[in-house]
Amino acid sequence: MRAHLPSRKVIAVLTAALLASGMAACGNSDTGDSGGKGDDGKITLGFSQVGAESAWRTANTTSVKESAAAAGIDLKFDDAQQKQENQIKAIRNFIQQKVDVIAFSPVVESGWDTVLKEAKDAKIPVILTDRAVDSADKSLYKTFLGSDFVKEGRSAGEWLVEKEKAATGPVNIVELQGTTGSAPANDRKKGFAEAIAANPNLKIIASQSGDFTRAGGKQVMEQFLKANPKIDVLFAHNDDMGLGALEAITAAGKVPGKDITIITVDAVKDGMQALADGRFNFIAECSPLLGPQLMDLVKKVHNGEEVPARIETQETTFTQEQAKEALPNRKY
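Heads up: the sequence shown runs through residues 1 to 332, numbered per our numbering.
So, in structure tokens, the structure goes:
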């Protein structure tokens, strides 16, 4: 019997040690649970992007990704490919993953209340970037960071009113709208229409969506040119549609910037080059570089700090001469 006692003691000691080890491991795991954060303690941001429909959007995506990395924020990125159902699915995935903050640029304005209520119930704060939603319940999101699209459209219209102030006859305008139902399309159209109402000679004779793409801009402009023998002005809701329209205008034997005055919104590098070259006439800026401001807001809302309900990005406008001066230092 005595010969077996030492081995029993050894077993007892080993068993106690294993139990202690197991308890210690569980304790470390609990300590590492940071309520939605990864083991490294980083804030996790779920971000759903509209898509990659334009140079502006590409620059916006780059700004978000680079700024998240610089701020030490763990970014879960999703591309909705310009479909609302994809964005709703992405937001629900973010909720299931228990991210700390959700941010997204809505494809369209309407139809978000249900999924935003789900995020609110999960106690995950939401930030709107670039585009707003039309929800009556403002408690469903913490803040909206982006441009004043009505102001952009108004700036474009006011420039045209000044340019055509001596006009004595009709000035025929065609309009390339952005994605149907989207905030920038709705608001830029509204602001432009309000501004040109100051001159009864300025008439919008055709208005159709080009979906914010170059291909769409070209296709719709071709239709405009076939249906309307006299077009004096093109107002495009973004540079990419305007750049697509350039091809259609040139193919129709007209000189862009001279035979047809071209006004766009965004001021991406290709658009600014067209403006500097005299093919565009005026651009209202819409900056895509929202990343640094967004990451600052992510940290603040995650920490429970109060933030303004509306944060507007600072932007300007460009004439042809101003574009020539700004191009060498243009970041997007």
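Yeah, the Cβ is synthetic: ideal placement off N, Cα and C, and Gly gets one too.
Assuming residue i and residue j form a contact by the criterion Cβ under 8 Å, report the distance between their Cβ atoms to the nearest whole angstrom.
{"i": "residue 120", "j": "residue 140", "result": "6 Å"}
{"i": "residue 233", "j": "residue 261", "result": "5 Å"}
{"i": "residue 201", "j": "residue 169", "result": "7 Å"}
{"i": "residue 115", "j": "residue 88", "result": "5 Å"}
{"i": "residue 101", "j": "residue 307", "result": "That belief does not hold up - the Cβ atoms of residue 101 and residue 307 are roughly 12 Å apart, past 8 Å."}
{"i": "residue 292", "j": "residue 67", "result": "5 Å"}
{"i": "residue 338", "j": "residue 289", "result": "There is no way to answer for residue 338, as the model of the chain reaches only from 1 to 332."}
{"i": "residue 218", "j": "residue 172", "result": "Going by Cβ atoms, the distance from residue 218 to residue 172 rounds to 20 Å, so no, they are not a contact pair."}
Here's a check: name, in chain order, each residue in its chain whose Cβ is nearer than 7 Å to the Cβ of residue i, leaving out the five neighbours to either side.
{"i": "residue 21", "result": "Any reading at residue 21 is ruled out, since the residue's pLDDT is 36, under 50, leaving its predicted position unreliable."}
{"i": "residue 222", "result": "248"}
{"i": "residue 58", "result": "52"}
{"i": "residue 160", "result": "196, 202, 233 and 263"}
{"i": "residue 48", "result": "78, 80, 87, 90, 91 and 104"}
{"i": "residue 230", "result": "172"}
{"i": "residue 50", "result": "57, 80, 82, 105 and 107"}
{"i": "residue 257", "result": "278, 279, 280 and 281"}
{"i": "residue 142", "result": "125, 126, 127, 301 and 307"}
For a test of the three-state rule: what should DSSP assign to residue i, helix, strand or coil?
{"i": "residue 78", "result": "strand"}
{"i": "residue 326", "result": "helix"}
{"i": "residue 73", "result": "coil"}
{"i": "residue 48", "result": "strand"}
{"i": "residue 169", "result": "coil"}
{"i": "residue 207", "result": "strand"}
{"i": "residue 263", "result": "strand"}
{"i": "residue 279", "result": "coil"}
{"i": "residue 94", "result": "helix"}
{"i": "residue 154", "result": "helix"}
{"i": "residue 311", "result": "strand"}
{"i": "residue 136", "result": "coil"}
{"i": "residue 164", "result": "coil"}
Hey, would you say residue i sits closer than 9 Å to residue j, going by beta carbons?
{"i": "residue 270", "j": "residue 55", "result": "yes"}
{"i": "residue 236", "j": "residue 162", "result": "no"}
{"i": "residue 128", "j": "residue 104", "result": "yes"}
{"i": "residue 97", "j": "residue 117", "result": "no"}
{"i": "residue 286", "j": "residue 228", "result": "no"}
{"i": "residue 185", "j": "residue 209", "result": "yes"}
{"i": "residue 336", "j": "residue 283", "result": "No answer is possible for residue 336: the residues shown for the chain start at 1 and end at 332."}
Tell me whether residue i is buried or exposed, calling it buried when 16 or more other Cβ atoms sit within 10 Å of its Cβ.
{"i": "residue 110", "result": "exposed"}
{"i": "residue 330", "result": "exposed"}
{"i": "residue 69", "result": "exposed"}
{"i": "residue 316", "result": "exposed"}
{"i": "residue 214", "result": "buried"}
{"i": "residue 83", "result": "exposed"}
{"i": "residue 44", "result": "buried"}
{"i": "residue 279", "result": "buried"}
{"i": "residue 255", "result": "exposed"}
{"i": "residue 180", "result": "exposed"}
{"i": "residue 310", "result": "exposed"}
Short of 8 Å in beta carbon distance, which residues of its chain neighbour residue i, apart from the five on each side in sequence? Order them along the chain.
{"i": "residue 191", "result": "149, 150, 151, 152, 153, 154, 155, 156 and 157"}
Spatial neighbours of residue i within its chain, please: CB distance less than 6 Å, with the 5 preceding and 5 following residues excluded, ordered by chain position.
{"i": "residue 133", "result": "106, 109 and 112"}
{"i": "residue 211", "result": "179"}
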